[in-house]
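Trainee: Quick one: this structure, given as structure tokens, is what I'll be asking you about.
In this note's numbering, the protein residues as written are 2 to 660.
Printed below as a string of structure tokens:
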């Protein structure tokens, strides 16, 4: 018997509730640690999901193939280590791109690392990963999948008792990990108004926000007038379901454009949003799977320094996002933007020299010195990046009619497609915007666990910056934007315009979509679809389990409190400690037997909805899961996360100032 075997005489029972990618990541890291540091007793890991183990609801394999990922196959891995020549198992398995090479369907086997797979195919990969983890678990570890929804968890001393929906089945375990994923949210005031209007007017329907695969689109009739709220990723999914999914076809033209051939089964679609802009494309991927960008301005040191300044000037280490954080992110994007321009105009050596000098000069805040540097390297004529303008390009414009707006929109989208085709290293614009994805860890350092003042967290970051950041940096493949253009030109899709409004017209019993910036554009529709994924909102979560846990005080809502002004922001997130993410109950203390990870904690932490890690060195996706695995197995606090006590009111602010 190995000398490093840990004593666990009574064995250990662990339940993972929700077996999508986040639950799978926890299972994977538990098995890695149990293989590396065996235990003497039996370990039973119970995995609960009403759907498919590994894929969960969002990535289920039964959804249509036209629902596409927006991350390239080479950037995706649910394994925390690459293949090593042995069996695929925890800590040693293929990326999505490597797995696709063995896919029996030649369409998917032909996808390369820079291609985008259907979401259902990613679901197959996740299911396969689950099967491989289970099949190759250590001999004393049993993984017990349960196809059921947990609707109750009770406390019994140090144990937790789980009960499943519609059954007398119960299970007593030592540890529970909540990875329940995207919630279904009860309608708010605005949605209730739309629901009541549809109920009072036969022939009208309102579909609240959800993933496209869960929206009831089959009831939409050919030729029906349909409205869609939102122009982001879910909108594009709905658009494909109502066109390709109805037998329509896209044809590539000799000039590189695209044409749509109608099947006759499509509805007439009107869509719009606050921006009026179909979500721009991600740049064609040119980065290797192991690519990691090192921030030059939004560094750990810079954010810690900003906290010290805030403590001195404001009396609190919480940051003001617009004052303390946004300038660092903008500097990061501008640095990549101008460096890429110099590389294109003067070559690699000049770009390296410019980057070194720009890093020093821009960091001083002296704009005159920066302007002089831009002139010296021949890029003074390049307009600077305005993130808000890129995300809201029509905010000051008026259009004489719908056609004039469409002309402007299509022209802008075609420019965007051309930029995206150049790639996320070669296009100065797309390279700069892609950096916003690469520095998410810096944003988390600034934002998570009350890192921002309550009002700045709510208003500046979540309400203003987050939608802009998502719009410009997390877009779809370029082909989706080209298809949207083709649908506009075919008359299948009308984009209402910026700042879209929705009226409920009693006389006709229809919803009316219109933009105050587009003259004469009023569009009556019988079905209105909200194509925006609901954000977590704990007090409106429709999951019986979450309702029960909240009512019984086993979980609580994370509240950001400004210690200077006493401003409170109820975030809607499940309150957790820092790693290992122990849940904070109503009493304010971390529960050593209950953990939460992923979407339920969004707004206490940022960008938790990501459903994969990356190949190569351990990313945050796997490090989060590893922190829980270490704690569940009784190992000392995870060294990959800054050491921090979890006992000082972590359900509210948890901000420290580096000395």
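Ideal placement from N, C-alpha and C gives every residue a C-beta, glycine not left out.
Just to confirm my understanding: we take residue 118, look at its own chain, exclude 5 residues before and 5 after, and list those with CB closer than 7 Å. What are they?
Mentor: Position 117 of the chain shown, counting from 1, holds the residue named residue 118. Excluding positions up to five away in sequence, the list reads 70, 74, 97, 101, 109 and 112.
Trainee: Taking only the alpha-carbon atoms, compute the straight-line gap between residue 541 and residue 217 and give it to the nearest angstrom.
Mentor: Sequence index remark: in the chain shown, residue 541 carries index 540 (1-based). Sequence index remark: in the chain shown, residue 217 carries index 216 (1-based). About 22 Å.
Trainee: Measuring straight from C-alpha to C-alpha, what distance separates residue 261 and residue 229?
Mentor: Residue numbering aside, residue 261 sits at position 260 when the chain shown is read from its first letter. Residue numbering aside, residue 229 sits at position 228 when the chain shown is read from its first letter. C-alpha separation (whole angstroms): 20 Å.
Trainee: Determine the contact status of residue 144 and residue 49, defining contact as a CB-CB distance below 8 Å.
Mentor: As a working note, residue 144 is residue 143 in the chain shown. As a working note, residue 49 is residue 48 in the chain shown. Taking the C-beta atoms as reference points, residue 49 is found no nearer than 8 Å to residue 144.
Trainee: Taking buried to mean at least 16 other C-beta atoms within 10 Å of its own C-beta, is residue 222 buried or exposed?
Mentor: Numbered from its first residue, the chain shown carries residue 222 at position 221. Residue 222 should be labelled exposed.
Trainee: Just to confirm my understanding: we take residue 87, look at its own chain, exclude 5 residues before and 5 after, and list those with CB closer than 8 Å. What are they?
Mentor: Taking the first residue of the chain shown as position 1, residue 87 is located at position 86. Hits under 8 Å: 93.
Trainee: By Cβ distance, which residues of its chain are closer than 7 Å to residue 213, with the 5 residues on each side in sequence left out?
Mentor: To locate residue 213, count along the chain shown from 1; it is residue 212. Closer than 7 Å at the Cβ level, and outside the excluded window around residue 213, lie 68, 235, 238, 239 and 242.
Trainee: Taking all protein chains shown into account, decide if residue 348 is buried (16 or more other Cβ within 10 angstroms of its Cβ) or exposed.
Mentor: To locate residue 348, count along the chain shown from 1; it is residue 347. Result: exposed.
Trainee: With the cut-off set at 8 Å, would you say residue 253 and residue 259 are in Cβ contact?
Mentor: Within the chain shown, the letter at position 252 stands for residue 253. Within the chain shown, the letter at position 258 stands for residue 259. Between residue 253 and residue 259, the gap from beta carbon to beta carbon is short of 8 Å.
Trainee: Identify every residue that forms a DSSP beta bridge with residue 473.
Mentor: Here the question's residue 473 lines up with position 472 in the chain shown. None, per the DSSP bridge assignment.
Trainee: Which residues in the same chain have their Cβ closer than 8 Å to the Cβ of residue 493, if we skip the five residues on either side of it in sequence?
Mentor: Along the chain shown, one-based indexing puts residue 493 at 492. 244, 249, 261, 263, 267, 269 and 270.
Trainee: Excluding the five sequence neighbours on either side, which residues of its own chain have a C-beta within less than 6 Å of the C-beta of residue 476, listed in chain order?
Mentor: On the chain shown, position 475 is the one that residue 476 refers to. Hits under 6 Å: 280, 281, 282 and 283.
Trainee: Taking the straight line between their C-alpha atoms, what separation do you get for residue 327 and residue 138?
Mentor: As a working mapping, residue 327 is identified with position 326 in the chain shown. As a working mapping, residue 138 is identified with position 137 in the chain shown. Approximately 45 Å between the Cα atoms of the pair.
Trainee: Assign residue 270 to one of three DSSP states: helix, strand, or coil.
Mentor: Taking the first residue of the chain shown as 1, we reach residue 270 at position 269. In the structure shown, residue 270 sits in a strand (DSSP, three-state: E or B).
Trainee: Give the single residue among 219, 553, 622 and 611 whose Cα lies nearest to the Cα of residue 156.
Mentor: Within the chain shown, numbered from 1, the residue matching residue 156 stands at position 155. Closest option to residue 156, Cα to Cα, is 553.
Trainee: Roughly how far, in whole angstroms, is the beta-carbon of residue 392 from the beta-carbon of residue 276, given that I think they are within contact range, below 8 Å?
Mentor: As a position in the chain shown, residue 392 is number 391, starting the count at 1. As a position in the chain shown, residue 276 is number 275, starting the count at 1. Correct: roughly 6 Å between the Cβ atoms.
Trainee: DSSP three-state call for residue 81: helix, strand or coil?
Mentor: Your numbering for residue 81 matches position 80 in the chain shown. It is coil, neither helix nor strand.
Trainee: Please give the ranges of any beta strand (DSSP E) in the stretch 480-554, keeping only runs that are unbroken, at least 3 residues long and fully inside the region.
Mentor: 494-496, 502-506, 511-515, 523-526 and 528-531
Trainee: Answer yes if the stretch 515-530 comes into contact with the stretch 175-183, meaning at least three C-beta pairs across the two stretches below 8 Å, and no otherwise.
Mentor: no
Trainee: By Cβ distance below 7 Å, which residues in the same chain neighbour residue 385 in space, the five residues on each side in sequence not counted?
Mentor: As a position in the chain shown, residue 385 is number 384, starting the count at 1. Closer than 7 Å at the Cβ level, and outside the excluded window around residue 385, lie 335.
Trainee: Secondary structure at residue 467, three-state DSSP: helix, strand or coil?
Mentor: If you number the chain shown from 1, residue 467 lands on position 466. Three-state result, residue 467: helix.
Trainee: Using a Cβ-Cβ cut-off of 7 Å (strictly less than) and excluding sequence neighbours within five positions of residue 427, which residues of its own chain qualify?
Mentor: Position 426 of the chain shown, counted from the first residue, corresponds to residue 427. Same-chain partners within the cutoff: 287.
Trainee: Could you tell me which residues DSSP puts in a beta bridge with residue 453?
Mentor: Working through the chain shown from its first residue, we reach residue 453 at position 452. DSSP, once it has assigned bridges, lists 320 as partnering residue 453.
Trainee: Helix, strand or coil: how does DSSP classify residue 106 here?
Mentor: As a working mapping, residue 106 is identified with position 105 in the chain shown. Three-state DSSP puts residue 106 in coil, outside helix and strand.
Trainee: Would you identify the three-state DSSP class for residue 154, choosing helix, strand or coil?
Mentor: Residue 154 sits at position 153 when you count from the first residue of the chain shown. Residue 154 falls in the strand class under three-state DSSP.
Trainee: Looking at the secondary structure, which residues open and close the beta strand (DSSP E) in which residue 165 lies?
Mentor: Position 164 of the chain shown, counting from 1, holds the residue named residue 165. It spans 160-165 - the beta strand (DSSP E) in which residue 165 sits, taken as one unbroken run.
Trainee: Would you say residue 441 and residue 34 are within 8 Å of each other, going by their C-beta atoms?
Mentor: Working through the chain shown from its first residue, we reach residue 441 at position 440. Working through the chain shown from its first residue, we reach residue 34 at position 33. Not a contact, by the Cβ cut-off of 8 Å.
Trainee: So, is residue 170 buried or exposed, given that buried needs 16 or more other C-beta atoms within 10 angstroms?
Mentor: Residue mapping note: residue 170 aligns to position 169 of the chain shown, counting from 1. Classification for residue 170: exposed.
Trainee: Select from 141, 167, 25 and 159 the residue whose C-alpha is nearest the C-alpha of residue 152.
Mentor: Position 151 of the chain shown, counted from the start, is the residue given in the question as residue 152. Comparing Cα positions, the closest option is 167.
Trainee: In angstroms with no decimal places, state the Cα-to-Cα distance between residue 312 and residue 303.
Mentor: Translated into positions along the chain shown, residue 312 becomes position 311. Translated into positions along the chain shown, residue 303 becomes position 302. Going by the C-alpha atoms only, they are around 14 Å apart.
Trainee: Bridge partners of residue 595, per DSSP?
Mentor: Here residue 595 refers to the residue found at position 594 of the chain shown. DSSP, once it has assigned bridges, lists 177 as partnering residue 595.
Trainee: Is the distance from the Cβ of residue 329 to the Cβ of residue 278 below 8 Å?
Mentor: Position 328 of the chain shown holds residue 329. Position 277 of the chain shown holds residue 278. Taking 8 Å as the Cβ cut-off, residue 329 and residue 278 do not qualify as a contacting pair.
Trainee: Beta-carbon within less than 6 Å of residue 14's beta-carbon, same chain only, minus the 5 sequence neighbours each way: which residues are those?
Mentor: The residue labelled residue 14 in the question sits at position 13 within the chain shown. Exclusion of the five residues before and after residue 14 leaves 45, 174 and 175 as the residues of its chain whose Cβ lies within less than 6 Å of its Cβ.
Trainee: In its own chain, which residues sit with a C-beta less than 7 Å from the C-beta of residue 56, not counting the 5 before and 5 after it?
Mentor: On the chain shown, position 55 is the one that residue 56 refers to. Contacts found: 21, 62, 124, 127 and 128.
Trainee: Can you check which of these residues, 300, 186, 599 and 192, is closest to residue 530 by C-alpha distance?
Mentor: In the chain shown, the residue the question calls residue 530 occupies position 529. Checking every option, the nearest Cα to that of residue 530 belongs to 192.
Trainee: Determine the direct distance from the alpha carbon of residue 602 to that of residue 456, and round the result to whole angstroms.
Mentor: Taking the chain shown and counting its residues from 1, the one referred to as residue 456 is at position 455. Taking the chain shown and counting its residues from 1, the one referred to as residue 602 is at position 601. If I take the Cα positions, the gap works out to 19 Å.
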